[in-house]
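In our numbering, the protein residues as written are 1268 to 1384.
See below:
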């Protein structure tokens, strides 16, 4: 019986609250993740990125590599659009990359929309 009252209260909340449950456009912001890794580990880092972002709703990420000026290091950069509610996927990716043995550093930042477009 108590569960029925809870469901009634829950349904009333959703029907009274303005904007909740209504179809709204999701505002996405551009993010950039940069990982510095050894050249030998670039393929492994790419595989981890593909695994973590396989079902990511933010769309297809753009991945590119840049050689570092210091020795055998490369920078793997990912640019992706993400809503605030989807940022947990980016946090998981950054955390997972940080655990890899071949990755020297990882940073992620939001980009101003004017620079991306």
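C-beta: ideal position from N, C-alpha, C; glycine also.
- With fewer than three CB-CB distances shorter than 8 Å, the region 1304–1313 does not count as touching the region 1350–1362.
- In this structure, DSSP gives residue 1358 a helical state, which the three-state scheme calls helix.
- For the options 1295, 1297, 1303 and 1293, the alpha carbon positioned closest to that of residue 1372 is the one of 1303.
- Contact between residue 1367 and residue 1299 is absent: CB atoms are separated by about 19 Å, not below the 8 Å threshold.
- Bounds of any beta strand (DSSP E) do not take in residue 1353, whose DSSP letter is neither H nor E.
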